[in-house]
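Residue numbers (UniProt numbering): 1 to 360.
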């Protein structure tokens, strides 16, 4: 937020600059502190009032973020389909522990890259990141359609598609916050419905395509759908605030981006209470725990029904993929309704306890 304010105050008059330079040589007195407080209050007021909170441009950004999250987190929520086909058809001779590394690497790459992508988004804006992520995702998915070896799937899906998803997720989430403040929960909730929508659409689409065109063309058709979604995301996702500039304390200095601004800053975790670090760790653990059921629920159903490898690609296994779609469809309610009305800490604990009990 201070980036916008730094731009508004980055060009003081010559007289004011001279006065500030002269006063900086002496220790601050009470009048100087009072002036600073008034400037800070005025600064906060201007920053708060500058959010559009709606309008055509703002809602187009939400649409772009929705498409970006559908393309990235939608694939993340469809890993159960990939796990079934890879473990039962493509690589049935490999053990579950060996194949599990594919999806562990994919989840790790998807989230760990955000450590660097977040600061880069602040310094560069969303468009270049989403373009790069779209290229990685599309190349990874089209390459997956022709993969037959273990290392090929790891490189195309786990690494390349994981990097692409991470490059899309972070700027898609961040650009919405540039346009909304009071209605940020509503706007973010609408954008996040895209992840659940992708988790419904993609499993059902692959389930209907597998008996007709096979695995390869099912993934290629999915790739063309991702191409459309990524194109819309690139067109509409944009930042309203200026790129990361120097702090307000450097008023009078030339406000230019620095390559160091695009590096992660561990000081964000040092807030005096440790709340930021603990919250980040908790969210990471919850997301990793959520990844387990969406990856293995379809395979669990197929094993319980004792379906053969041939039946995995036929209509006999349709309900296995539909289970994944049902799970993601139910999550859309929380993404839209609960996100806009409740705080995260009010939902995380009861949700975690309830899910743990249901799994047991």
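Heads up, the beta-carbon is just placed ideally off N, CA and C, and yes, glycines get one too.
My understanding is that residue i touches residue j, with C-beta atoms under 8 Å, so please give their C-beta distance in whole angstroms.
{"i": "residue 324", "j": "residue 294", "result": "7 Å"}
{"i": "residue 306", "j": "residue 204", "result": "Contact doesn't hold; Cβ gap of about 24 Å is too wide."}
{"i": "residue 331", "j": "residue 84", "result": "About 20 Å separates the two Cβ atoms, so there is no contact after all."}
{"i": "residue 145", "j": "residue 240", "result": "Actually they do not touch by this definition, with Cβ atoms about 38 Å apart."}
{"i": "residue 92", "j": "residue 179", "result": "Their Cβ separation, rounded to whole angstroms, is 49 Å, which puts residue 92 and residue 179 out of contact at 8 Å."}
{"i": "residue 153", "j": "residue 86", "result": "6 Å"}
{"i": "residue 313", "j": "residue 211", "result": "6 Å"}
{"i": "residue 365", "j": "residue 161", "result": "Summary: the structure shown does not reach residue 365, with the chain confined to residues 1 through 360, and so no result is reported for it."}
{"i": "residue 74", "j": "residue 198", "result": "2 Å"}
{"i": "residue 209", "j": "residue 218", "result": "4 Å"}
{"i": "residue 172", "j": "residue 68", "result": "4 Å"}
How big is the Cα-Cα spacing for residue i and residue j?
{"i": "residue 156", "j": "residue 167", "result": "16 Å"}
{"i": "residue 121", "j": "residue 138", "result": "21 Å"}
{"i": "residue 59", "j": "residue 79", "result": "30 Å"}
{"i": "residue 81", "j": "residue 206", "result": "8 Å"}
{"i": "residue 95", "j": "residue 102", "result": "12 Å"}
{"i": "residue 317", "j": "residue 309", "result": "10 Å"}
{"i": "residue 284", "j": "residue 277", "result": "11 Å"}
{"i": "residue 104", "j": "residue 55", "result": "41 Å"}
{"i": "residue 326", "j": "residue 215", "result": "22 Å"}
{"i": "residue 288", "j": "residue 112", "result": "12 Å"}
{"i": "residue 357", "j": "residue 77", "result": "22 Å"}
{"i": "residue 213", "j": "residue 222", "result": "12 Å"}
{"i": "residue 133", "j": "residue 64", "result": "14 Å"}
{"i": "residue 128", "j": "residue 61", "result": "15 Å"}
{"i": "residue 175", "j": "residue 304", "result": "44 Å"}
{"i": "residue 328", "j": "residue 71", "result": "14 Å"}
{"i": "residue 109", "j": "residue 170", "result": "13 Å"}
{"i": "residue 282", "j": "residue 185", "result": "20 Å"}
{"i": "residue 302", "j": "residue 123", "result": "47 Å"}
{"i": "residue 159", "j": "residue 150", "result": "13 Å"}
{"i": "residue 279", "j": "residue 315", "result": "43 Å"}
{"i": "residue 238", "j": "residue 99", "result": "38 Å"}
{"i": "residue 362", "j": "residue 182", "result": "Within the shown structure, residues of the chain are numbered from 1 to 360, placing residue 362 beyond reach of any answer."}
Would DSSP call residue i helix, strand or coil?
{"i": "residue 35", "result": "For residue 35, the pLDDT reaches just 45, beneath the cut-off of 50, and the residue's location in the model is therefore unreliable, although a value from the coordinates is still provided. In the structure shown, residue 35 sits in a helix (DSSP, three-state: H, G or I)."}
{"i": "residue 113", "result": "coil"}
{"i": "residue 357", "result": "helix"}
{"i": "residue 175", "result": "helix"}
{"i": "residue 368", "result": "Residue numbering for the chain in the displayed model covers 1 to 360; residue 368 lies beyond these limits and cannot be assessed."}
{"i": "residue 303", "result": "helix"}
{"i": "residue 328", "result": "helix"}
{"i": "residue 321", "result": "helix"}
{"i": "residue 278", "result": "helix"}
{"i": "residue 146", "result": "coil"}
{"i": "residue 74", "result": "helix"}
{"i": "residue 287", "result": "helix"}
{"i": "residue 127", "result": "helix"}
{"i": "residue 159", "result": "helix"}
{"i": "residue 94", "result": "coil"}
{"i": "residue 121", "result": "helix"}
{"i": "residue 166", "result": "helix"}
{"i": "residue 298", "result": "helix"}
{"i": "residue 137", "result": "helix"}
{"i": "residue 6", "result": "Interpretation of residue 6 is limited by its pLDDT of 40, a score under 50 that renders its predicted location unreliable; no figure is taken from the coordinates."}
{"i": "residue 69", "result": "helix"}
{"i": "residue 180", "result": "coil"}
{"i": "residue 293", "result": "helix"}
{"i": "residue 379", "result": "In the structure as shown, the chain starts at 1 and stops at 360, and residue 379 therefore has no counterpart that could be examined."}
{"i": "residue 89", "result": "helix"}
{"i": "residue 239", "result": "coil"}
{"i": "residue 62", "result": "helix"}
So the alpha helix (DSSP H) residue i belongs to, where does it begin and stop?
{"i": "residue 153", "result": "150-153"}
{"i": "residue 200", "result": "184-236"}
{"i": "residue 83", "result": "79-85"}
{"i": "residue 310", "result": "309-312"}
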